[in-house]
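Shown next, in structure tokens, is the structure this report addresses.
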Amino acid sequence: MAMAPTVKVVLGSIAFAVFWVLAVFPAVPFMPVGRTAGSLLGAMLMVIFRVITPDQAYAAIDLPILGLLFGTMVVSVYLERADMFKYLGKLLAWKSQGAKDLLCRICLISAVSSAFFTNDTSCVVLTEFVLKIARQQNLPPHPFLLALASSANIGSSVTPIGNPQNLVIAVQSKISFGKFLFGIVPAMLVGVVVNALLLLCMYWKLLSVHKDVEDAAAELVPEEEVVSHRFSPATLSHLSSLNSQELNNTLDSMAIGTSPRVNGHTNHAETLRNRVVVEESEIQKAFDSSRNSNASKEGTNDGSLLKREENVSSKRVASVDEYENENFTAYDEMWYFPKVWRNKLWKICVYLVTIGMLIALLMGLNMSWTAITAALALVVLDFKDARPSLEKVSYSLLIFFCGMFITVDGFNKTGIPSALWDLMEPYSKIDHAAGIAVLALVILVLSNVASNVPTVLLLGGRVAASAAAISPESEQKAWLILAWVSTVAGNLSLLGSAANLIVCEQARRAQHFGYNLSFWSHLKFGVPSTLIVTAIGLMFIRG
Numbered sequence: 001m002a003m004a005p006t007v008k009v010v011l012g013s014i015a016f017a018v019f020w021v022l023a024v025f026p027a028v029p030f031m032p033v034g035r036t037a038g039s040l041l042g043a044m045l046m047v048i049f050r051v052i053t054p055d056q057a058y059a060a061i062d063l064p065i066l067g068l069l070f071g072t073m074v075v076s077v078y079l080e081r082a083d084m085f086k087y088l089g090k091l092l093a094w095k096s097q098g099a100k101d102l103l104c105r106i107c108l109i110s111a112v113s114s115a116f117f118t119n120d121t122s123c124v125v126l127t128e129f130v131l132k133i134a135r136q137q138n139l140p141p142h143p144f145l146l147a148l149a150s151s152a153n154i155g156s157s158v159t160p161i162g163n164p165q166n167l168v169i170a171v172q173s174k175i176s177f178g179k180f181l182f183g184i185v186p187a188m189l190v191g192v193v194v195n196a197l198l199l200l201c202m203y204w205k206l207l208s209v210h211k212d213v214e215d216a217a218a219e220l221v222p223e224e225e226v227v228s229h230r231f232s233p234a235t236l237s238h239l240s241s242l243n244s245q246e247l248n249n250t251l252d253s254m255a256i257g258t259s260p261r262v263n264g265h266t267n268h269a270e271t272l273r274n275r276v277v278v279e280e281s282e283i284q285k286a287f288d289s290s291r292n293s294n295a296s297k298e299g300t301n302d303g304s305l306l307k308r309e310e311n312v313s314s315k316r317v318a319s320v321d322e323y324e325n326e327n328f329t330a331y332d333e334m335w336y337f338p339k340v341w342r343n344k345l346w347k348i349c350v351y352l353v354t355i356g357m358l359i360a361l362l363m364g365l366n367m368s369w370t371a372i373t374a375a376l377a378l379v380v381l382d383f384k385d386a387r388p389s390l391e392k393v394s395y396s397l398l399i400f401f402c403g404m405f406i407t408v409d410g411f412n413k414t415g416i417p418s419a420l421w422d423l424m425e426p427y428s429k430i431d432h433a434a435g436i437a438v439l440a441l442v443i444l445v446l447s448n449v450a451s452n453v454p455t456v457l458l459l460g461g462r463v464a465a466s467a468a469a470i471s472p473e474s475e476q477k478a479w480l481i482l483a484w485v486s487t488v489a490g491n492l493s494l495l496g497s498a499a500n501l502i503v504c505e506q507a508r509r510a511q512h513f514g515y516n517l518s519f520w521s522h523l524k525f526g527v528p529s530t531l532i533v534t535a536i537g538l539m540f541i542r543g
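Under full-length UniProt numbering, the sequence shown has 344 at position 344, and the numbering climbs by one with no breaks.
If you want it as structure tokens, here you go:
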């Protein structure tokens, strides 16, 4: 592609530079508007500077990618509601054999979950589990957080729905889900193993240090906090004898705090309530007897009549209360069991729909409409207002993609990317090892400088066209190399991947378990891990 006029090249470069600065440094001091606003600003400047027309800007938005991204995010929301990630968290702690065993489990579970539920989602929900289990076993969180983030990036490379750049590659290359999966899965498996070995070698001494048993017992985390994100308050029983709601809440909190067993909670709370009821009834009787004795001084007949009426009334109230309590208990039992089974049935349906979506993708059906269909099936099966679930979708990410599509398309029209690729293409042929190494190095650097998704948008078509001149198999292999390297490149530094930043922020904000994963501590592991895993994985990419 020939270079555009000088004015268009300069203005297009300015618009792309604005987008790049705000995408890489969203909190830049002179314009802290964030990535989403930065992508829209870059897109708007491309149109205002007349680098592209408004019609070209609309045409640059890739709706199939947005549809696939939206569908997978909705499915992930419903999987989280169905406790899928809670069960994954249980697997981390189940019969753990120590620090090294836990680290290997995190690497494996993080990689597999990221392949099918996206790396960002896996990191969001698993970070707190990892922190709590590390604290429970009195282990330093640092190696386990690195294992979570790096394995999530490596694992996400194996499927088109694992991360955003793979979505772009799958849609643009038209490689089927199955071919994509089986083309990268050997590299992914080897990469996860190599990454785990590097973590063990680098942190072997740290993982071998154990604190005293007394210290471990003092910092032990309750199992309930390890296996669940949510707190489910106990259902209050119907007590017509008590008029104070605050007293009920106090008794519940006391019950929850004094016994580790649920049955113990309920029995203890009920015992306290019964004591309060008895004390209140005794006070009431004493007050009534005092009032009756005063009244008897004025008239014995009136006092006797009043006493008989009160006894009859109290018996009637007691019998009514007993009848109501029995009915309420029977009602609760009748309602509880169907509700539990409905919840279990709904979870099973969510898992079946997800499995059906994966089977449809493996059969080669349209990926965007398959994901959207699965998302809408889950909405219908939920049979309630979908707004709370749909509000958890990252619409800012969808808007970011829209702006990025327009900005990158405008920058492509300046001719600068084509000119740079023309210089690199002779040295980046994938029919020999040296060419693959040069191509991988270019992708690795650009992914950390310009971020992985813009890198895929800028290089994808050019790399594929260059490889297509060799053979059709080489074209598919070129796309898969792009997917592998651009994804693993995110492990190089803390800023290289959104998954890294998510783990860092989630760890820093975690209540009672907060940990600060610094840029340099990540870089010391990220650089050797990225270079070694990328190089070894390239040998297992199948065209």
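We put the CB at the ideal spot given by N, CA and C, even for glycine. Please read these numbers as outputs of a predicted model, since none were measured by experiment.
* So does the segment 72 to 83 actually touch the segment 378 to 397, counting three or more Cβ pairs closer than 8 Å? -> Flag = yes, the segment 72 to 83 and the segment 378 to 397 touch.
* Secondary structure at H432, three-state DSSP: helix, strand or coil? -> Reduced to three states, the DSSP call for H432 is coil.
* Measuring from the CB of V24, is there a heavy atom of the ligand COA at a distance below 8 Å? -> This structure lacks the ligand COA; in fact it carries no ligand of any kind.
* To do: Kindly indicate which residue of P141, G543, L92, I65 has the alpha-carbon position closest to the one of Q506.
  => It is P141 whose Cα lies nearest to the Cα of Q506.
* To do: Report the residue from V533, D409, R509, G543 whose alpha carbon sits nearest the alpha carbon of L131.
  => Ranking the options by Cα distance to L131, first place goes to R509.
* Whole-angstrom distance between P29 and L41, CA atom to CA atom -> Straight across, the Cα-Cα distance linking L41 with P29 is about 16 Å.
* In three-state terms, what does DSSP make of Q97? -> DSSP places Q97 outside both helix and strand once states are collapsed to three, so it counts as coil.
* **Beta carbon of A149 nearer than 9 Å to that of I502** => Contact: yes.
* Which whole-angstrom value describes the C-beta separation of I416 and V194, a residue pair presumed to lie in contact below a C-beta threshold of 8 Å? -> I416 to V194, Cβ: 36 Å. No contact.
* **Unbroken alpha helix (DSSP H) run spanning T53, endpoints** => Careful: T53 lies outside any alpha helix (DSSP H) and carries neither H nor E.
* Any chance the segment 470 to 479 sits against the segment 417 to 434, with 3 or more Cβ pairs inside 8 Å? -> Yes: at least three Cβ pairs fall under 8 Å.
* To do: Tell me whether Q506 sits in a helix, a strand or coil according to DSSP, three-state version.
  => Here Q506 carries a helix assignment [DSSP, helix/strand/coil].
* Thinking C-alpha only, which one of M46, V168, K524, K413 is nearest P64? -> Taking the Cα of P64 as reference, the smallest distance to any Cα among M46, V168, K524, K413 is reached at V168.
* **Span of the alpha helix (DSSP H) around N491** => Neither: N491 is in no alpha helix (DSSP H) and is coded neither H nor E.
* With DSSP collapsed to three states, give me the class of I61. => DSSP, read as helix, strand or coil, puts I61 in coil.
* Looking only at its own chain, which residues have a Cβ that is under 6 Å from the Cβ of K211, when we skip the five neighbours before and after it? -> With a pLDDT of only 48 at K211, under 50, the local geometry of the prediction cannot be trusted, and no value is derived from it.
* Determine the burial state of T53: buried for a count of at least 16 other Cβ atoms within 10 Å of its Cβ, exposed for fewer. => Exposed, by the Cβ-count rule.
* Could you tell me how far apart the beta carbons of A111 and S173 are, in whole angstroms, since I believe they sit closer than 8 Å? => By a beta-carbon distance limit of 8 Å, A111 does not contact S173. Their separation comes to about 23 Å.
* Please confirm if the segment 484 to 491 is in contact with the segment 103 to 117, defined as three or more CB-CB distances below 8 Å between the two stretches. => Touching, no.
* Assigned secondary structure, V47 (DSSP; H/G/I helix, E/B strand, else coil) -> DSSP, read as helix, strand or coil, puts V47 in helix.
* Asked: Are T407 and F25 touching if we call contact CB-CB under 9 Å?
  -> Annotated as distal: T407 and F25, with beta-carbon spacing of 9 Å or more.
* To do: Check whether the Cβ atoms of R542 and P143 sit closer than 9 Å, and answer yes or no.
  => No, they are not a contact pair.
* Return yes when the Cβ of A196 is within less than 9 Å of the Cβ of A147, no when it is not. => Taking the C-beta atoms as reference points, A196 is found nearer than 9 Å to A147.
* With 16 as the cutoff for other CB atoms within 10 Å, does L423 come out buried or exposed? -> Burial is judged here by how many other beta carbons sit within 10 angstroms of a residue's own beta carbon; L423 has fewer than 16 and is exposed.
* To do: If I'm right that N452 touches L492 with Cβ under 8 Å, what's the distance once you round it to whole angstroms?
  => About 11 Å; that fails the 8 Å criterion.
* Please go through the same chain and pick out, in chain order, the residues whose beta-carbon is closer than 7 Å to the beta-carbon of D62, but skip the five residues on each side of it. => Excluding residues up to 5 positions away in sequence, V171, F405 lie with their Cβ nearer than 7 Å to the Cβ of D62 in the same chain.
* **Three-state secondary structure assigned by DSSP to G543** => Note: G543 maps to coil in three-state DSSP.
* Asked: Would you call the CB atoms of Y351 and A4 closer than 9 Å?
  -> For Y351 and A4, no; Cβs fall outside 9 Å.
* Asked: At what residue ranges does the segment 65 to 145 contain a whole run of the alpha helix (DSSP H), taking only runs of 4 or more?
  -> Counting only runs of 4 or more, we get 84 to 93, 99 to 117, 119 to 136.
* **Nearest neighbour of T118, chosen from F85, K347, L91 [CA to CA]** => Residue F85 is the option with its Cα nearest to T118.
* **Option nearest G490 by Cα separation, candidates A450, L480, R462** => Per the Cα distances, A450.
* **Alpha carbon of K90 to alpha carbon of K413, nearest angstrom** => So the alpha carbons of these two residues sit roughly 51 Å apart.
* Asked: How is I175 classed by DSSP in three states: helix, strand or coil?
  -> Here DSSP, grouped into helix, strand and coil, assigns I175 to coil.
* Which first and last residues belong to the alpha helix (DSSP H) in which V380 is found? -> Per DSSP, the unbroken alpha helix (DSSP H) holding V380 starts and ends at 367 to 382.
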